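Chemist: Using my numbering, the first residue of the sequence shown is number 13, and each one after it goes up by one. For reference, the structure I am asking about is given below.
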Amino acid sequence: MNLTNFLSFDKEGKVNILGFSFYSDDLLIITLLFFLYSQKVNDKFIYIALILLLIN
């Protein structure tokens, strides 16, 4: 299974989803945040660290 079959990346490694440009690592961080939230993980420092990685 290849990710490029589902998402089209440009030269810089960005993908456009609903008008927003995301890098592939941003999509991975967002997926991790969603997974941790859905599993009801209550460690606020993990969320803070991942959100700071997204901002950076």
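Heads up, the beta-carbon is just placed ideally off N, CA and C, and yes, glycines get one too. Here the structure is a predicted model, which means the values were calculated and not measured.
Output the boundary residues of the alpha helix (DSSP H) element that contains K56.
Modeler: It spans 56-67 - the alpha helix (DSSP H) in which K56 sits, taken as one unbroken run.
Chemist: Put S33 into one of helix, strand or coil per three-state DSSP.
Modeler: Three-state DSSP puts S33 in a strand.
Chemist: Using DSSP bridges, identify the partner residues of F21.
Modeler: Paired residue(s): V27.
Chemist: In whole angstroms, what separates the C-alpha of L30 from that of N54?
Modeler: Those two C-alpha atoms are separated by around 30 angstroms.
Chemist: Assuming the contact rule is C-beta atoms closer than 8 angstroms, K23 and Y35 should be a hit. Round their C-beta distance to whole Å, please.
Modeler: That pair is no contact at about 12 angstroms.
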